[in-house]
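The working numbering puts the sequence shown at residues 151 to 643.
For each residue, glycine too, the CB sits at the ideal point set by N, CA and C.
Predicted model, so just to flag it, every value in this text is computed and none were measured.
For reference, the structure is listed below as structure tokens.
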Amino acid sequence: MHRSSILFLLLLALRLCPAQESFDRLTSHAAPRPLSASAKNSDWPRVLGPTHDAISPETHLLKSWPQSGLKTLWEVQMGDAYNSPAISGSYCVLFHALAGKETIECLDRETGKRFWTADYPVSYQDRYGFSNGPRGSPVIADGIVVTFGVTAELHAYDLKTGKELWKHDLRSEYHVPQDFFGAGGTPLILDGRVILNVGGKKAPIEDTEGLRDRKERLAEAGVSVAAFDLHSGKILWTVEDAWGASYASPVPAQLHGQTKILIYAGGESDPATGGLMCIDPTSGKLHSKFPWRSEDYIQAIGSSPVVIPGKNRAFITTAYPKGRPLGGAMVEYDADFQAKEVWQSKKLGVHWMNPVYHDGYLYAIDGETEPKSRLVCVNADTGAEVWEQHIEWEDSEFSKQTGRSNPTRLSILRASLLKVDGAFLCLGETGSLHWLDLSPAGAKVIAQTQLFYALNTWSLPALSHGLLYVRQQSQDLLRKSDSRVLCLDLRGE
151 MHRSSILFLL
161 LLALRLCPAQ
171 ESFDRLTSHA
181 APRPLSASAK
191 NSDWPRVLGP
201 THDAISPETH
211 LLKSWPQSGL
221 KTLWEVQMGD
231 AYNSPAISGS
241 YCVLFHALAG
251 KETIECLDRE
261 TGKRFWTADY
271 PVSYQDRYGF
281 SNGPRGSPVI
291 ADGIVVTFGV
301 TAELHAYDLK
311 TGKELWKHDL
321 RSEYHVPQDF
331 FGAGGTPLIL
341 DGRVILNVGG
351 KKAPIEDTEG
361 LRDRKERLAE
371 AGVSVAAFDL
381 HSGKILWTVE
391 DAWGASYASP
401 VPAQLHGQTK
411 ILIYAGGESD
421 PATGGLMCID
431 PTSGKLHSKF
441 PWRSEDYIQA
451 IGSSPVVIPG
461 KNRAFITTAY
471 PKGRPLGGAM
481 VEYDADFQAK
491 EVWQSKKLGV
501 HWMNPVYHDG
511 YLYAIDGETE
521 PKSRLVCVNA
531 DTGAEVWEQH
541 IEWEDSEFSK
551 QTGRSNPTRL
561 SILRASLLKV
571 DGAFLCLGET
581 GSLHWLDLSP
591 AGAKVIAQTQ
601 LFYALNTWSL
611 PALSHGLLYV
621 RQQSQDLLRK
631 SDSRVLCLDL
641 RGE
């Protein structure tokens, strides 16, 4: 080959493969094991995974864990956020608040080295004292990253370069109120449309003069849902309705052979309003609304609808209000996409994790608070509870390090579930990771390890190409490590 041709190819390769850099918040530990030639792998483009249901198609994952724990490949210190990474190809995208800016970082999925970073100023103070970072997770589609921040800023970036493509300040454009914990849903990207539960109002809430005026303003209809063109940011359609924005995320559903969008909506309002919306993704037509919310004022909906494949059904759930949970409801859609209740159960009220449907049953963590949390199995056809179980164990290491004479008893508490490779990965609320065999016969622990001892482990892990990405939300009670993302090697033979 001619020398000039070789030089051209090298330059082209450099353009196609952007440079990676180490940075001060990255700690590298090890290289990953090679992928099994027989393994099935996938991207993780959105918070609930490639199929929007906390189920991954990956196979050949490591099921037997060494006593020393899983191998950490790299870790990155993080700012404030309650969300999960998004992974597409070699790119892993993080979204968090750091030094007064909402920050988007694109890393190499295997090394943690950075391709690019982008940020913009943000001013937000959580009025309940929780994290001041974003609640929504990044989403990747067609080489574009979309983020929705805690102050309702919607941004789109080129995945390979980090160039900002477009943005919308939805608080300004649609008068989105702060809500209980700021804006927090994760957008859905479907067929070139960015679909979002906006929760806007007719006029700014901040302009109200008193509590009565504020209540009336919160009850007004505004842009509840909107779709934006993925490539240009152009507004394609809007749905005006009084139902506000929840912390759940829109999901697609096949209903009677057609693709529809299901949104469990319901933001700050008094009396509280909200429920399940069924919307046409092309036209924005609102087919139906199924109210499912208590009249109690304070209730932040966190679980997305669970679509039941082949049944024209969907399940929604909430753990609010305290001591008197509304629970869950299964609805079925007719040929006109009108919803009717099939069953309801107060024994399946979920705070934020997403229930997982498998072979006719729903598996979830029922209960709003830690002491009341329990792992349950419910018959998806009838709503009958099949079993409840508390996954607990004695941790001598924690007792040893803290000087206690007796072993400390720990629990998964309000855990997250991810179904993959014939079992369930369970991330406990204080940093434990488990392989669980869940079936109507009960729950069996296959493997278990303690990643860290940190409270508020509330984000679903991301899984891609045999690597697991876990968000440590708060400081480790033993090792004193601060908030971070860990990349763990789950690649098996």
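Where residue i sits in the DSSP three-state scheme
i	result
S399	coil
A163	In this predicted model, A163 has a pLDDT of only 44, less than 50, meaning its place in the structure is not dependable enough to derive any value.
S444	coil
Q625	coil
F548	helix
K569	strand
P521	helix
Q170	coil
H305	strand
Q275	coil
Q539	strand
Y470	coil
E645	For the chain, the structure presents residues 151 to 643; residue 645 sits outside this window and is missing.
L157	Any reading at L157 needs caution, since the residue's pLDDT is 49, under 50, leaving its predicted position unreliable; the model's value is listed next. Helix, per DSSP.
G529	The residue you asked about is not Gly; residue 529 is Asn in the sequence shown. Note: N529 maps to strand in three-state DSSP.
K213	coil
V500	strand
L577	strand
R175	coil
R564	coil
Q449	coil
D420	coil
A593	strand
Endpoints, beta strand (DSSP E) assigned at residue i
i	result
Y483	477-483
T409	408-415
H615	Segment: none, H615 is in no beta strand (DSSP E) and carries neither H nor E.
D203	Where D203 is concerned, there is no enclosing beta strand (DSSP E), given that its DSSP letter is neither H nor E.
D639	634-639
D516	511-516
Q494	489-495
L586	582-589
N603	Just to set this straight, residue 603 is Tyr in the shown sequence, not Asn. Run containing Y603: none; DSSP gives neither H nor E here.
W387	385-391
F245	241-248
A377	372-379
A291	289-291
I458	456-458
T253	251-258
L426	425-429
A236	236-238
V300	Careful: V300 lies outside any beta strand (DSSP E) and carries neither H nor E.
Y232	Element bounds for Y232: n/a, residue is neither H nor E.
S561	558-561
V197	Run containing V197: none; DSSP gives neither H nor E here.
Supposed close pair residue i, residue j - CB separation, criterion 8 Å
i	j	result
G434	G349	That belief does not hold up - the Cβ atoms of G434 and G349 are roughly 16 Å apart, past 8 Å.
S582	N606	14 Å between Cβ atoms; not a contact.
V272	K251	6 Å
K213	I596	6 Å
R559	E535	Rounded, the Cβ-Cβ distance is 25 Å, inconsistent with contact.
V300	A333	6 Å
I466	Y414	5 Å
P182	S192	At roughly 16 Å, the Cβ-Cβ gap does not stay under 8 Å, so P182 and S192 are not in contact.
S454	F487	So it is not a contact: roughly 18 Å between Cβ atoms.
H210	E518	Not a contact, Cβ separation roughly 37 Å.
Y324	I254	No, Y324 and I254 are not in contact; Cβ-Cβ is about 22 Å, not under 8 Å.
Y619	C242	7 Å
L411	I429	The sequence given here has Ile at residue 411, not Leu. Confirmed, about 5 Å.
V197	S399	6 Å
P431	L340	5 Å
Y507	D203	7 Å
G499	G478	6 Å
L368	S322	Contact flag wrong, Cβ pair sits at about 18 Å.
S566	L577	5 Å
Does the structure place the stretch 566-578 close enough to the stretch 546-558 that three or more beta carbon pairs sit under 8 Å? Result no; under three Cβ-Cβ pairs closer than 8 Å.
What are the complete alpha helix (DSSP H) segments, minimum 4 residues, inside the stretch 317-367? 320-324
With a cut-off of 8 Å, do at least 3 Cβ pairs link the stretch 217-236 to the stretch 627-639? yes
Touching by the beta-carbon criterion (3+ pairs, under 8 Å), the stretch 366-376 and the stretch 389-399: Verdict: yes, contact present.
Are the stretch 267-287 and the stretch 230-240 touching, with three or more C-beta to C-beta distances below 8 Å? yes
Please confirm if the stretch 307-314 is in contact with the stretch 325-339, defined as three or more CB-CB distances below 8 Å between the two stretches. no
Touch check for the stretch 491-503 and the stretch 418-433: three-plus C-beta pairs under 8 Å? no
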